[in-house]
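Worksheet for the structure shown next.
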Amino acid sequence: MKADTYTDKEVIAAIKSGGPKRQEVIRFLYQDASLKSKIIQFVTRNSGNYHDGEDMFHEGIIVLDRNIRQNKFKEETSVQGYLYSICRFLWMNQIRKQGKVTLKEDHSEMDSTDTTTPEQLLFTDEQKEILQSLVGQLGERCQKILELWKLSYSMEEIAQELGFSSAAMARKNKYRCHKSLLEIIKKHPKLVNTLKER
Amino acid sequence: MDAQQQFDTIEAYLAGELKGSALADFEQQVKADTTLAALVDEHHIAQDAIELLIESDLRKELNLLREKDSTRTTKVVEMPARVAPATTASGTIKRRSLFSILAAAASVILLIGFFGSQFDSSNNLFDEYYDGYQMPESNRSGDATDVHPFAIGFEAYKAGNYEESINFFKNIPMEDKGYREAQLHLGHCYLHNENYSAASTTFGKVVESQDIRFVEKAEWYQLLALLANKQQDATFKTLLNKMIDDKGHSYHQKAQKLNAEL
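Chains as they are written, first to last, in this note's numbering: chain C, 601 to 798; chain H, 23 to 284.
Structure, rendered in structure tokens:
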């Protein structure tokens with residue numbers, strides 16, 4: 601029973617390519633017990649508990665996934681180091697908000713070169729609420745098409761996944777759903793202004 | 023530029039795919055045209071909204087995985103579908119409840135949705151090799167008056183009430199002449215209850231007793247309990263090698279097959 605392992609380049613390529621490969625490497629990252637325990641250790645040494653540490657690990661994977669897909673990840677940094685760095689910043693931000701200020705920094709061998717602030721890493725609760733209210737007006741099928749498209753699934757794969765008769769039909773539906781979302785956004789200028797002020 | 027072309031250009035711009043003069047021209051147009059600028063903003067927000075969907079889905083999937091890990095670690099058992107179901111004497115499948123099976127199936131489907139064929143191989147192997155267990159009849163020799171002393175445990179097991187059957191067999195004292203047999207039954211109750219660690223310990227006691235009536239069965243089922251518990255340690259290897267080396271062992275062929283699949 602051999603476990604799959606991936607180099608940093610393979611992780612990045614798989615996440616960018618989307619589809620099942622992305623799922624595989626996310627699972628691979630999730631199963632990195634050593635990294636997970638380092639993150640949990642950092643959180644538990646800084647006013648958090650084990651569950652908080654697990655949450656940070658999850659949030660870190662979510663941000664890493666997005667930043668790689670959006671080409672925001674600098675490839676000179678190791679994926680593990682970057683993930684650790686994200687989790688650390690996310691937790692530091694959270695405990696600052698909670699007023700628990702004393703930080704016991706972990707001077708491990710992990711890279712700490714990334715200086716992106718947590719606010720740039722995840723949507724704020726307010727942004728989430730607004731975006732959710734907009735996208736929630738789309739049907740579930742439309743949401744799924746757009747999600748798969750954004751995850752770089754090909755039109756053939758989308759057709760197969762969602763039962764369209766052809767890639768052309770998938771493309772047509774994707775365009776229709778995308779237009780619907782834009783129309784919903786256009787109908788809510790106040791919400792859009794709030795988002796633009798971020 | 024028609025609407026479709028404009029749509030595609032904005033998407034290409036936001037994806038960073040416009041380069042050189044095409045990029046410069048488009049940026050110039052955006053500066054000069056407030057309507058176009060608003061359209062670009064709307065596309066940007068649409069992308070963020072889709073990104074939020076991806077983020078939410080991934081969070082759900084990671085939480086499902088955590089729940090799965092947590093269930094395994096604490097041996098909390100609410101998924102009878104994971105273990106081969108108990109069968110009655112007539113072969114009728116007993117199920118604890120439709121709800122628990124549906125809940126289990128839903129969890130499995132959700133996990134498969136994310137991980138596809140990457141499902142846990144140890145548990146797949148356990149499911150493949152564990153063929154359930156049929157308790158003896160409560161009435162011996164078909165005589166209604168000749169009730170087996172372990173009948174209460176048998177009936178609880180057949181009804182899928184594993185907690186009750188565990189309690190029954192656990193309380194059979196060591197001095198009882200049926201103690202080793204009871205331990206064998208108890209091990210199976212634990213397997214059905216997904217308490218693999220307790221199952222392994224219980225079968226281990228029967229193995230240690232070297233009671234010729236039960237020892238080979240106990241060795242095989244202890245091996246499966248260790249497999250389900252992802253505990254392929256020295257005990258696991260010793261048991262597996264013993265069965266492979268002993269051509270006369272009742273589970274020799276199964277052990278060979280299992281070894282090939284590990």
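Yeah, the Cβ is synthetic: ideal placement off N, Cα and C, and Gly gets one too.
DSSP-derived helix/strand/coil call for residue i
i: Gly-619/C; result: helix
i: Asn-183/H; result: coil
i: Thr-223/H; result: helix
i: Asp-608/C; result: helix
i: Arg-81/H; result: helix
i: Gln-253/H; result: coil
i: His-274/H; result: helix
i: Ala-37/H; result: coil
i: Met-196/H; result: coil
i: Ile-234/H; result: coil
i: His-658/C; result: helix
Residue i versus residue j: straight-line alpha-carbon distance, rounded
i: Phe-172/H; j: Gly-209/H; result: 15 Å
i: Asp-233/H; j: Lys-636/C; result: 46 Å
i: Gly-653/C; j: Leu-87/H; result: 15 Å
i: Leu-58/H; j: Ser-780/C; result: 18 Å
i: Thr-257/H; j: Phe-191/H; result: 25 Å
i: Arg-688/C; j: Ile-639/C; result: 7 Å
i: Leu-748/C; j: Glu-676/C; result: 29 Å
i: Asp-63/H; j: Lys-616/C; result: 24 Å
i: Leu-690/C; j: Ile-745/C; result: 30 Å
i: His-658/C; j: Lys-239/H; result: 43 Å
i: Ala-46/H; j: Gln-28/H; result: 15 Å
i: Tyr-650/C; j: Val-643/C; result: 8 Å
i: Val-735/C; j: Glu-241/H; result: 57 Å
i: Lys-738/C; j: Ala-68/H; result: The question names Lys, but residue 738/C in the sequence shown is Leu. Looking at the two C-alpha atoms, the distance is approximately 12 Å.
i: Lys-41/H; j: Glu-610/C; result: 27 Å
i: Glu-73/H; j: Glu-740/C; result: 15 Å
i: Asp-30/H; j: Asn-793/C; result: 24 Å
i: Lys-697/C; j: Ile-661/C; result: 22 Å
i: Cys-211/H; j: Arg-645/C; result: 41 Å
i: Thr-260/H; j: Ala-770/C; result: 55 Å
i: Lys-674/C; j: Arg-627/C; result: 22 Å
Assigned exposure category for residue i - 16 Cβ within 10 Å defines buried
i: Leu-80/H; result: buried
i: Glu-77/H; result: buried
i: Ala-37/H; result: exposed
i: Met-265/H; result: buried
i: Met-196/H; result: exposed
i: Gln-623/C; result: buried
i: His-250/H; result: Here residue 250/H turns out to be Ala, not His, going by the sequence shown. Ala-250/H should be labelled buried.
i: Tyr-26/H; result: Sequence check: residue 26/H is Gln here, not Tyr. That one is exposed.
i: Val-169/H; result: exposed
i: Ser-733/C; result: exposed
i: Gln-244/H; result: buried
i: Arg-634/C; result: As written in the sequence, residue 634/C is Ser, which differs from the Arg given in the question. The residue in question, Ser-634/C, is exposed, as its Cβ has fewer than 16 Cβ neighbours within 10 Å.
i: Lys-772/C; result: exposed
i: Thr-56/H; result: exposed
i: Asn-667/C; result: buried
i: Lys-774/C; result: buried
i: Gly-226/H; result: buried
i: Leu-284/H; result: exposed
i: His-278/H; result: Here residue 278/H turns out to be Gln, not His, going by the sequence shown. The residue is exposed, with fewer than 16 neighbouring Cβ atoms inside 10 Å.
Counterpart residues of residue i in DSSP-defined beta bridges
i: Asn-161/H; result: Val-169/H
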